[in-house]
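Take the position in the sequence shown, starting the count at 1, then add 665; the result is the number in my numbering.
We put the beta carbon where it would ideally sit given N, CA and C, even for glycine.
Right, one structure below, let's go through it.
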Amino acid sequence: MIRSGLLASALIFTPAAVAGTEATLSDADVAARVMAVAQSLNSPLVEGQTLANSGTEFAATALELIEEQVRAGQSDDEIRAYFRQRYGSAMVTPATSQEADK
């Protein structure tokens, strides 16, 4: 009986704790992180441009996805790994790839 009460308490308070962590970033902090990650990802459609400066529909959608992942608490490396896994290692800029290899 006590265990089920503890489990219920954990389930009730865990989402609040997680939601609190996600909400700690201001909109400006989120925007800065989104742009930093987008600068480290190449546009797969426009050679020589990153997602941050590509005006394609793909880039706009990717920026929204990056924002969702930032707000969900993903690290920059986790977000880059997501794009690398789905679109290949060419997505990640050379400087970022070298940092990840260290």
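**Message:** Considering only DSSP beta bridges, list what residue 757 is partnered with.
**Reply:** Looking at the DSSP assignment, residue 757 forms a beta bridge with 706.
**Item:** Environment of residue 751 [buried if 16+ CB atoms lie within 10 Å]
**Value:** exposed
**Item:** C-beta atoms of residue 703 and residue 693 nearer than 9 Å
**Value:** no
**Request:** Note down the Cα distance separating residue 698 from residue 724, rounded to an integer number of angstroms.
**Result:** 15 Å
**Request:** Assuming residue 714 contacts residue 708 (C-beta within less than 8 Å), just tell me the rounded distance between them.
**Result:** Confirmed, Cβ separation roughly 5 Å.
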